[in-house]
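Presented below is the structure to which this report refers.
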DNA sequence: AAGACAAATGTAAACGTTTATCACAAGGAG
DNA sequence: CTCCTTGTGATAAACGTTTACATTTGTCTT
């Protein structure tokens, strides 16, 4: 593989000149530029980014994302958006999925310290809270909040309020909430708390169920959903903490002959692509993936470039009306 | 940030010795090993992988995956599996999503040539067939086949046969196929062709519809599905080329009051997680994501290590019976 | 006690860049 | 004619490793 040396030789100049041509720096005659560029073409030269990064203590232009498994559509949509934003800024995305794997998580901070990576985005709550104690590397959290680390999150509080108000407005009098998709995290509790508060204020009875980590891993919420339907046959409205949970509610009720939305109204959270494909199409609280991603990459890039960032950015959510309520 | 130099100074040895301790190479006294390891601990030393990779013309231990957008669950599941396999082998996964973006695709091969990346996996058919002409880099294709490039694919032919036979065995007499999720690619045509051949052999009428690239991008297949139902009200069995398409069939029929599977039987392809969550749960031809991933990373690693690989590996598919047929 | 041999450690070149510094020529001002 | 710019280009050090080779130290033979 051709190196800068080869290009220099072929163009009849020194490697410094070649470098200057590449980086458009210093004074250069048009003739020299042409010679060098021709040589590069002819040799199909590609600069070695490793050497580049090593030399000028430059960046590797790679950002890592530590995420929960992508089978969960929330994460795959988030990642797609993040990758797009990053690419626009000239960065690449390295993905590390982890489910409660502390080893793998700690590995991440090593990655940054080994200079292969310029920064770290954490999507979803990691198993070890103190993952990067004393490692001052550029880092941001999305839809999760860790002590001392800047984060970008959706307005979960507002989402919970909207869900409750909407179900009540549509006539529900016995509500259920299935929460806890991101179980560690106080962030997702906000959805639950806000929902409960509105119910209490409106004097509507409301029961809260929690899903477990195992359910998230397997994306199998049938157990909670069945229990919920068995214990609360009088329920006429469900607020699910994710569209996947909502899908399970709709599926189980469907198999039991309960009609949605006539007998039971269901509202989800996230507004992932598949929400539209459900039967009936799912009404849900929509997260703004584009904005979430945008703010996140902006925040990480700022840190990389040494600027300071606000600790907490909140992105509005929206009610997406379809046919399950 | 501490370098090998700092460790050497603190341990009172030369940098070569430190390097030897790290790489367990050459003869070392127990005492020296201890001294060096202590120094590394105390300085919280992390070797610079950039320098490492540059030096021994070693690998960067990063593999890139060029994929269609991850919102499509086939890709998110595939990627999750690939990332797991790669991680087990000590490699990291860099993701590049592209939808018909030739610039971005060509960028990929540059990445490899710039040494930041050891190899390239292509998932799904790229826009430019000749993406890596004359660039002899380690490369593999999954569920796509490009001239001269080793590939790992599911047994689409067998899948088409199984789908047809199963629908017919269940009593269908008017079949429809909606195909083309991976439209360029002759690989997915195999599903269609095999399906048609079985139908012809069994004298069952069969109509084929094609989805378009735009539908894949937006994951919105409502147009074809509606047209299909309008033009073929007599259809009693549908073979969809992906679970997402099948989901759309089930959704649209549901909204029209057509009962699945009583009036219309639907079989999908892929067996992504969401297939289980549909209403009714989807019967589908399952791809073995684990095996697909396993073979793919094996193949790319072999190439990186200079071994030769077979050009084509075919992974069996299985019929997953649920309740839509 | 000297020589041989192995074990332990050090030295320095290399990997492919960037960049500060230096060298040299041409041209203008005095 | 000398001195100083100004435009060009080359040289070499640095980035943090690995590793071939050289050197030192120590032990064992005899």
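Residue numbers (our numbering), protein chains in the order written: chain Y, 122 to 446; chain P, 122 to 446.
Idealized CB from N, CA, C, for every residue including glycine.
DSSP places residue 183/P inside the beta strand (DSSP E), whose first and last residues are 183-188. The Cβ of residue 143/P sits no closer than 8 Å to any Cβ of chain Y. DSSP, reduced to helix, strand and coil, places residue 220/Y outside both helices and strands of the structure shown, so it counts as coil. Per DSSP, the beta-bridge partners of residue 433/P are 272/P. For the pair residue 357/P and residue 385/P, the CB atoms are nearer than the 8 Å cut-off. Taking each of 443/Y, 427/Y and 417/Y in turn and checking the Cα distance to residue 244/Y, the smallest one comes out for 417/Y.
In terms of Cα proximity to residue 198/Y, the closest of 328/P, 207/P, 338/P and 297/P is 338/P. Looking at the DSSP output, residue 417/Y shares a beta bridge with no other residue.
Residue 444/Y and residue 401/Y have their C-alpha atoms roughly 6 Å apart. CA-CA distance, residue 346/Y to residue 406/P, rounds to 27 Å. In terms of beta-carbon proximity, residue 172/P lines the interface with chain Y, with at least one pair separated by less than 8 Å. Cβ contact annotation for residue 140/Y (same chain, cutoff 7 Å, sequence separation greater than five): 125, in chain order. Taking C-beta atoms as the reference points, residue 226/P and residue 214/P fail to come closer than 8 Å. DSSP places residue 206/P inside the alpha helix (DSSP H), whose first and last residues are 194-209. Taking C-beta atoms as the reference points, residue 192/Y and residue 394/P count as a pair closer than 8 Å. Out of 372/P, 429/P and 328/P, the CA that lies nearest to the CA of residue 353/P is found in 328/P.
The count of Cβ pairs closer than 8 Å, one atom from the region 171-188 of chain P and one from the region 144-160 of chain P, stays below three, leaving the stretches out of contact. For residue 406/P, the enclosing beta strand (DSSP E) starts and ends at 404-407. The contact set of residue 372/Y on chain P, defined by CB atoms closer than 9 Å, consists of 397, 398, 399, 400, 401 and 402 in chain order.
Scanning its chain for C-beta atoms nearer than 8 Å, with the 5 sequence neighbours on each side dropped, one finds around residue 265/Y the residues 243, 244, 245, 246, 247, 272, 274, 303, 306 and 308, in chain order. Separation of residue 201/P and residue 190/Y (C-alpha to C-alpha, rounded to the nearest whole angstrom) is 7 Å.
Chain Y places a beta carbon closer than 8 Å to that of residue 169/P, counting this residue as a contact. Interface criterion not met: the Cβ of residue 433/P is under 8 Å from no Cβ in chain Y. The Cβ atoms of residue 299/P and residue 362/P lie closer than 8 Å to each other. Apart from the 5 residues on each side of it in sequence, residue 288/P sits with its Cβ closer than 7 Å to the Cβ of 296, 358, 360, 386, 388 and 446 in its chain, given in chain order. In the three-state reduction of the DSSP assignment, residue 361/P falls in the strand class. Within the region 199-226 of chain Y, 200, 201, 204, 205, 208, 213, 214, 215, 216, 217, 218 and 225 place their CB atoms closer than 8 Å to a CB of chain P, listed in sequence order. Chain P has a Cβ within less than 8 Å of the Cβ of residue 236/Y. Assignment of beta-bridge partners to residue 286/P by DSSP yields no partner. Annotated three-state conformation of residue 320/Y is helix, per DSSP.
One finds 169, 171, 172 and 175 in chain P with Cβ atoms closer than 8 Å to the Cβ of residue 175/Y, taken in chain order. Within the DSSP bridge table, the entry for residue 213/P names 183/P as partners. Contact check for residue 164/P and residue 128/P: beta-carbon distance about 6 Å, within the 8 Å limit, so the pair qualifies. Minimum Cα-Cα distance from residue 433/P among the listed residues 441/P, 439/P, 427/P and 413/P corresponds to 413/P. At least one beta carbon of chain P lies nearer than 8 Å to the beta carbon of residue 197/Y. Listed as beta-bridge partners of residue 330/P by DSSP are 299/P.
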